[in-house]
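>
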Amino acid sequence: MDSVEFFGYLIVFSAILTYLVLGLIIGIESMLALYGVPSAKEWIRRWYTPAGFRRALIIFLPMLQLAYLFLELIPSLFGMDGERRPLDLERIYSGVFGRDGKERE
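Under this note's numbering, the residues of the sequence shown are numbered 34 to 138, in order.
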């Protein structure tokens with residue numbers, strides 16, 4: 034293995050791990066925002082602009098679906114009754130930034 038191949042693998046693995054870690058963070062924070070947790074909304078408003086958060090929701094959609102599976106669907110299959118909301122990106126976005134995309138307090 035020469036150095037070019039090594040750095041190629043390094044870049045690919047780094048990109049994959051970065052996507053997984055950021056996706057996990059966005060997935061958990063978005064699930065919390067779906068249920069209206071104030072600290073999650075504040076965190077999203079602090080780190081994202083409305084357009085940036087909309088892009089992050091689309092880019093990390095597979096990780097959001099994975100978080101929804103593990104945090105919503107599987108517990109409901111085991112009989113943990115509670116409020117279960119559908120995974121709706123527009124509901125998450127409007128809960129944090131409002132329908133018009135402006136920050137809400």
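Glycine included, C-beta positions come from ideal geometry on N, C-alpha and C.
#1: Quick check on DSSP: helix, strand or coil for V129?
#2: So, are the CB atoms of L19 and L90 less than 8 Å apart?
#3: Given a cut-off of 8 Å on the beta-carbon distance, is the pair G69 and G112 in contact?
#4: Mapping the DSSP letters down to three states, classify F103 as helix, strand or coil.
#5: Do the CB positions of L67 and I125 come within less than 8 Å of each other?
Put simply:
#1: helix
#2: Since the first and last residues shown for the chain are 34 and 138, residue 19 lies out of range.
#3: no
#4: helix
#5: Cβ atoms of L67 and I125: closer than 8 Å.
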